[in-house]
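Trainee: Submitted below is the structure of interest, expressed as structure tokens.
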Amino acid sequence: MKIGYPCINRTIGCTSNATFRLASYAEEKLVKKIESNLDCVLRMLQFNVAHDILFFRISSDIIPFASHPICTFDWPTHFQDTLANIGRFIRKHSIRISMHPDQFVVLNSPDLLVVYNSFRELKYHCFLLDALDLPQTAKVQIHIGGVYGDKTKALNRFVATYNTLPKFIKKRVVIENDDRLYNLNDCLRVHEQTGVPVLFDVFHHKCNPTKDSVASGLKRAAATWKKKDGVPMIDYSAQEKGKRPGAHAEQINSGQFKKFLKQIHGVDCDIMLEIKDKEKSAIKAVKIISDFRL
DNA sequence: AGTTGTCAAGCTAGT
DNA sequence: ACTAGCTTGACAACT
């Protein structure tokens, strides 16, 4: 059971999200940004290992404009050595890696251009994980997409498009239940028709529930992960008090988290904390888990 | 040096 | 018909 946090570390003072404006695109700028982003991601991973945080979500912005047609730069070759070095570090310390492309990846859109752009975006994410030489356990999580007034048709479109994806993408894509449109049952239906693993988002499950308790929801989702996909990943967050429903908590609530661990007792999974203070809560969670095991 | 409008991309729900 | 919100951050153009 590994603990992780997404993309940003607020302690060490570097960012792996540095980008620039499309209007001022220049290859030289791109190279500089990628260089500093890759440098930072390794520093974050080193920080994490030092704190027993062995799960991490790499920012989609690490290679700016990677899926945009303007970017013809061969970054996998240019940064071959750096990428290999980061990949070695990840494998050496058995760090679990995920990525989560933005809301623009919509495989079930009726607009073919949107589907095509989504494909390019997925391709980029999988290229990166391949360039790091990571196993199939490194995943790219996406949502099912829009509803467009007819959920059944929209679900069928997702299945049809998913089935056309090349192997190097299929082996990494997992789908996540969202907080408004597609709940766990919808994801499981898609799984039945495609075999795609389902990443259980505990907080979204509370916003957009099925009849399942957290424990039974997790068990059903966990059963969709094959051995080669690795231990099931889950997303964990909680409601920030006083904010609109669905707003993520500022910091982890230790009592709540302990209660959650008790609920899911017996199911192994890697937990991504979608909590705003990032590594701070992750460090607390690592401590809680190690106490829990005693 | 500090402030602030804006940033590649989609969708839904609320006005 | 339009826009806030999503994971918010941070770029870059302006005082």
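Throughout the first sequence, residue numbering follows the working numbering, covering 11 to 304 in sequence.
Cβ atoms here follow ideal geometry from the backbone N, Cα and C, with glycine treated the same way.
Note that the structure is a prediction, hence the values are computed from the model and not measured.
(1) Apply the 10 Å Cβ neighbour rule to isoleucine 63 and answer buried if 16 or more other Cβ atoms are within range, or exposed otherwise.
(2) Which runs of the alpha helix (DSSP H), 4 residues or longer, sit entirely within the stretch 163-202?
(3) Is it buried or exposed for lysine 149, if we count other Cβ within 10 angstroms and need 16 for buried?
(4) Under a three-way DSSP split, which group does phenylalanine 267 fall into?
(5) Thinking C-alpha only, which one of Pro207, Asn127, Arg199, Tyr192 is nearest histidine 214?
(6) Identify every run of the beta strand (DSSP E) within the stretch 17-88, keeping only runs that are complete inside it and at least 3 residues long; order them along the chain.
(7) Does the separation of the CB atoms of phenylalanine 132 and isoleucine 179 fall below 9 Å?
(8) Quick check on this structure: which residue in Pro111, Ala248, Arg230 has the alpha carbon closest to the alpha carbon of aspartate 278?
(9) Count the CB pairs spanning the stretch 120-127 and the stretch 31-39 that are closer than 8 Å, and state whether there are at least three.
(10) Spatial neighbours of tyrosine 172 within its chain, please: CB distance less than 6 Å, with the 5 preceding and 5 following residues excluded, ordered by chain position.
(11) How many Å lie between histidine 258 and glycine 252 at the Cα?
(12) Give the single residue among Asn19, Leu52, Glu202, Arg101 whose Cα lies nearest to the Cα of asparagine 166.
(13) Taking three-plus beta-carbon pairs below 8 Å as touching, is the stretch 48-61 in contact with the stretch 89-97?
(14) Can you name the residues that DSSP bridges to lysine 149?
(15) Indicate whether the contact test is met: 3 or more Cβ pairs, each with one atom in the stretch 283-293 and one in the stretch 234-244, closer than 8 Å.
(16) Assuming the contact rule is C-beta atoms closer than 8 Å, lysine 43 and alanine 28 should be a hit. Round their C-beta distance to whole Å, please.
(17) To the nearest angstrom, how far is it from the Cα of glycine 14 to the Cα of glutamate 45?
(18) For a test of the three-state rule: what should DSSP assign to glycine 97, helix, strand or coil?
(19) If you draw a straight line from the C-alpha of glycine 276 to the C-alpha of lysine 236, how long is it?
(20) Tell me whether aspartate 112 is buried or exposed, calling it buried when 16 or more other Cβ atoms sit within 10 Å of its Cβ.
(21) Taking 6 Å as the limit between beta carbons, can you name the residues of its chain near leucine 271, skipping five residues before and five after?
(22) One question on the structure: do tyrosine 246 and isoleucine 281 come within less than 9 Å of each other, judged by their Cβ atoms?
(23) Taking all protein chains shown into account, decide if phenylalanine 114 is buried (16 or more other Cβ within 10 angstroms of its Cβ) or exposed.
(24) Within this structure, are the beta carbons of asparagine 19 and asparagine 47 separated by less than 9 Å?
(25) Alpha carbons only, please: which of Phe75, Gln151, Ile262 is nearest the one belonging to lysine 297?
(26) Please list, in chain order, all residues of the same chain as leucine 333 whose beta carbon is under 6 Å from its beta carbon, the five residues on each side excluded.
(27) Drop a sphere of 10 angstroms on the beta-carbon of histidine 135, count the other beta-carbons inside from all chains shown, and report buried for 16 or more, exposed for fewer.
(28) Taking the C-alpha atoms as reference points, what is the distance between proline 207 and arginine 199?
(29) Give me, in chain order, the residues of the same chain whose beta-carbon lies closer than 7 Å to that of phenylalanine 267; leave out the 5 immediate sequence neighbours on both sides.
(30) Using beta-carbon positions only, say whether lysine 290 and glutamine 249 come within less than 9 Å of one another.
(31) For glutamate 260 and threonine 21, I'd like the C-alpha separation in whole angstroms.
Mentor: Here's the rundown:
(1) buried
(2) 177-180
(3) buried
(4) Phenylalanine 267: helix per DSSP, three-state reduction.
(5) Tyr192
(6) 65-68
(7) Position check: residue 132 holds leucine in this sequence, whereas phenylalanine was assumed. Yes, the Cβ-Cβ distance between leucine 132 and isoleucine 179 is below 9 Å.
(8) The closest CA to that of aspartate 278, considering only Pro111, Ala248, Arg230, is found on Arg230.
(9) no
(10) Excluding positions up to five away in sequence, the list reads Thr204.
(11) Approximately 11 Å, taken between the alpha carbons.
(12) Among Asn19, Leu52, Glu202, Arg101, the Cα nearest to that of asparagine 166 belongs to Glu202.
(13) Segments in contact, yes.
(14) Ser108
(15) no
(16) 5 Å
(17) When rounded, the distance between both Cα atoms is 24 Å.
(18) Correct three-state label for glycine 97: helix.
(19) 18 Å
(20) exposed
(21) Phe302
(22) yes
(23) exposed
(24) no
(25) Ile262
(26) The structure shown does not extend to residue 333, since the chain is modelled only from 11 to 304, so the question has no answer here.
(27) Buried.
(28) 11 Å
(29) Ala295, Ile298.
(30) no
(31) 16 Å
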